[in-house]
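Heads up: the sequence shown at position 12 corresponds to 12 in the working numbering, and the numbers run straight through without jumps. Ideal placement from N, C-alpha and C gives every residue a C-beta, glycine not left out. A quick note: this is a predicted structure, and the numbers were derived from the prediction, not measured. All remarks here apply to the structure that follows.
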Amino acid sequence: MLGKTAAPPGLVGLNHYFRIYGPIHFRSEKQEDGSIVAFSEDFKYGSIITHADQHEELDEKVKDAILTAFEVPSSYASEAGVYRVVDEKEYAFA
Numbered sequence: 001m002l003g004k005t006a007a008p009p010g011l012v013g014l015n016h017y018f019r020i021y022g023p024i025h026f027r028s029e030k031q032e033d034g035s036i037v038a039f040s041e042d043f044k045y046g047s048i049i050t051h052a053d054q055h056e057e058l059d060e061k062v063k064d065a066i067l068t069a070f071e072v073p074s075s076y077a078s079e080a081g082v083y084r085v086v087d088e089k090e091y092a093f094a
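So, in C-alpha cells, the structure goes:
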C-alpha cells in the first residue's frame, strides 16, 4: 500500500519526460458532430488522443490524457502540475 508521502511512480516519469523533451504539442480537429478531437504531435512514447464535446472542456481533457499516458491518477493532477503553455496547443510540466 502507498503511505501518506508516497506518490505514483508515473509522477517521476512525467517530470523526467518534460525535463528531457520539453512540452507536448497538440493539434485539434473539429468533428462533424461539433466535438473536438486533440492529437499529440510529438509525444515520444506514442500518441495521446482525447475528445471533448465543447472547446471549454478540451484543456482539462488534454491534461487528463497526459496524466493517463504516464499512469498518474487524476487525483494527483495538482501535484503533476501539467499546464497549458502560451497557446492552447502546448502543454508542459510546472
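Residue environment, residue i, which counts as buried when at least 16 other CB atoms sit within 10 Å
{"i": "V86", "result": "exposed"}
{"i": "V12", "result": "exposed"}
{"i": "I20", "result": "exposed"}
{"i": "A69", "result": "buried"}
{"i": "Y17", "result": "buried"}
Those residues which DSSP pairs with residue i across a bridge
{"i": "H51", "result": "V37"}
{"i": "R84", "result": "Y91"}
{"i": "K30", "result": "I36"}
Backbone CA spacing between residue i and residue j [nearest angstrom]
{"i": "L67", "j": "A80", "result": "8 angstroms"}
{"i": "F43", "j": "K30", "result": "21 angstroms"}
{"i": "Y83", "j": "Y91", "result": "5 angstroms"}
Same chain, Cβ closer than 7 angstroms to residue i, neighbours up to 5 away in sequence not counted
{"i": "E41", "result": "H25, F26, R27"}
{"i": "L58", "result": "S28, I36, A38, A52"}
Cβ shell of residue i (< 8 angstroms), same chain only, five flanking positions each side left out
{"i": "A7", "result": "Y76, E79"}
Other residues of its chain near residue i: CB distance less than 6 angstroms, five sequence neighbours each side excluded
{"i": "A65", "result": "I48, T50"}
{"i": "H63", "result": "Here residue 63 is Lys; the residue named in the question, His, does not match the sequence. Result list for K63: V82, in chain order."}
{"i": "K61", "result": "T50, A52"}
{"i": "E71", "result": "G10"}
Expected contact under 8 angstroms - CB spacing of residue i and residue j to nearest Å
{"i": "D53", "j": "S35", "result": "5 angstroms"}
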